[in-house]
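The numbering of the sequence shown is my numbering, which starts it at 95 and goes up by one. This report refers to the structure that appears directly beneath it.
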Amino acid sequence: MIKIITKVLLKPFSRAVYRPTIEGLENVPRKGGVILASNHLSFIDSVVIPLTAPRPISFLAKAEYWQGKGFKGRVMRGFFDAIEAVPVQRGEIHLAQAALDSALAVLEGGKAFGIYPEGTRSLDKRLYRGKTGVAWLALKAGVPVVPVALEGTDEIQPVGTRRPRIRKVTVRFGEPLDFSHLHGQERNARVRRQVTDEVMAAIQALSGQELAEVYNEVPKAA
């Protein structure tokens, strides 16, 4: 019941409150497997994209979100089920192949999957070099890639804060990138790099972000 209520009310409620600017909805295929590859500014990105896209978009999420107790646990499960998040065991979300296999199953089921080629959030708003997992998925599954640019999501829930704030958000969906002529070449490192760079160039063209030209690595604990 909570899942149904959340699914029915969440999108219209969030749009009424935040009034996001949404551009390029016509660029998202309504059927079939497709990858939405986006820049990454905030935790809230994985909520904003599904709530603004014209079809359900699945992202990976920690399995712990489905394991809470009591009313709060039921609400949490209902929320992540409503946005069709894909649970992965703790630790797996940082293991590339386990995450990619989960994503591949979504695409092979004819659904849409969202991914951040940068790997982790950009804290300085620059666009970092893309990791080649997005190319592996596109070439393995034989699906198009829709570049996505987010603006303002880092102001909704800055790093270190728990409660979201009302801020202006813009979501741009770019024209699909077709890599069907390279289908099946996911093991070719050069091809993966070429495809990834093309995806990142399309994201940058939409977002206007400064290019960092290096990978955005998570700082190691001391």
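Note that the Cβ used here is the ideal one computed from N, Cα and C, for glycine as well. Fair warning: this is a prediction, and the values are worked out from it, not measured in the lab.
_Delimiting residues of the alpha helix (DSSP H) encompassing R286_ = 283-301
*Rounded to whole angstroms, what's the CA-CA distance from Q251 to F267? Just pull it up for me.*
22 Å
*Can you check whether the CB of I209 is closer than 9 Å to the CB of F153?*
yes
_In the DSSP output, what is L130 paired with across the bridge?_
G208, V240
*Please name the residue, chosen from G254, K156, D248, R124, that lies closest to K219 on a Cα-to-Cα basis.*
D248
*Counting pairs of beta carbons, one from the segment 164-180 and one from the segment 138-148, are three or more of them closer than 8 Å?*
yes
*For the beta strand (DSSP E) that contains T264, what are its first and last residues?*
264-267
_If you follow the alpha helix (DSSP H) that T214 is in, where does it begin and where does it stop?_
First-last for T214: undefined, no H or E at that position.
*Would you kindly report the start and end of the unbroken beta strand (DSSP E) that includes T115?*
115-117
*asked:* One question on the structure: do V240 and I129 come within less than 9 Å of each other, judged by their Cβ atoms?
replied: yes
*Which residues in the same chain have their Cβ closer than 7 Å to the Cβ of S274, if we skip the five residues on either side of it in sequence?*
G236
*Could you tell me which residues DSSP pairs with S152 in its beta bridges?*
F207
*Counting along the chain, where does the beta strand (DSSP E) carrying P181 start and finish?*
180-182
_Selection from L217, L231, Q191, Y222 that minimises the alpha carbon distance to F80_ = Outside the shown range of the chain, which is 95 to 316, sits residue 80, and nothing can be said about it.
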